[in-house]
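Since the structure comes first, as structure tokens, the remarks are kept for the end.
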Amino acid sequence: CACPAEVEDDGTCGQGLMLARYTRPDDPSRSTTRCHNPPQYDIFRTPPRFVFSLCWLWQCLGSNFTGPDSSRIKPYTIALPNVTAFHNMERM
68 CACPAEVEDD
78 GTCGQGLMLA
88 RYTRPDDPSR
98 STTRCHNPPQ
108 YDIFRTPPRF
118 VFSLCWLWQC
128 LGSNFTGPDS
138 SRIKPYTIAL
148 PNVTAFHNME
158 RM
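Numbered by the numbering used here, the letters in the sequence shown go through residues 68 to 159 in order.
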């Protein structure tokens, strides 16, 4: 898996990508922002919901997300601010 794309210098993501903010719940000052594909609307789940797939190596998030053992990542949350686009909304 590849690491998520970096945010552009102007604070935006490239075309077709959206901002995703990663934060450690135990220390909100430890956060980072990356760019991801927008979520998809999964009509096959009950109830239907928006989902997105994330796959990468732990080191993609940097040392702020590891504990004393660098091979183990700390829990984190992902927020998707200003979600305005989805890949497959035409299915609805």
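Each residue gets a CB set at the ideal place from its N, CA and C atoms; glycine is no exception.
Predicted model, so just to flag it, every value in this text is computed and none were measured.
Could you spell out the range, first to last residue, of the beta strand (DSSP E) harbouring residue i?
| i | result |
| --- | --- |
| residue 95 | 94-103 |
| residue 79 | Taken as a continuous stretch (DSSP letters only), residue 79 belongs to no beta strand (DSSP E), as it is neither H nor E. |
| residue 143 | Careful: residue 143 lies outside any beta strand (DSSP E) and carries neither H nor E. |
| residue 107 | 107-109 |
| residue 91 | 85-91 |
For my contact list, residue i and residue j are in at a C-beta cut-off of 8 Å; report their separation, rounded to the angstrom.
| i | j | result |
| --- | --- | --- |
| residue 73 | residue 101 | 7 Å |
| residue 70 | residue 127 | 4 Å |
Can you find the residues in the same chain that come closer than 7 Å, C-beta to C-beta, to residue i, ignoring five residues on each side of it along the sequence?
| i | result |
| --- | --- |
| residue 157 | Because residue 157 sits at a pLDDT of 49, beneath the cut-off of 50, its placement in the model cannot be relied upon, and the following sentence gives the value as read from the coordinates. Around residue 157: no qualifying Cβ. |
| residue 116 | 109 |
Compare the C-alpha of residue i against each of the options and name the closest.
| i | options | result |
| --- | --- | --- |
| residue 143 | 70, 99 and 75 | 99 |
| residue 82 | 103, 94, 69 and 95 | 103 |
| residue 148 | 97, 69, 141 and 84 | 84 |
Within the same chain, show all residues whose beta-carbon is closer than 6 Å to that of residue i, passing over the 5 residues directly before and after it, in chain order.
| i | result |
| --- | --- |
| residue 145 | 87 and 89 |
| residue 159 | Residue confidence is low: residue 159 scores 41 on pLDDT, short of 50, so the model does not pin down where it sits. No coordinate-derived value is stated. |
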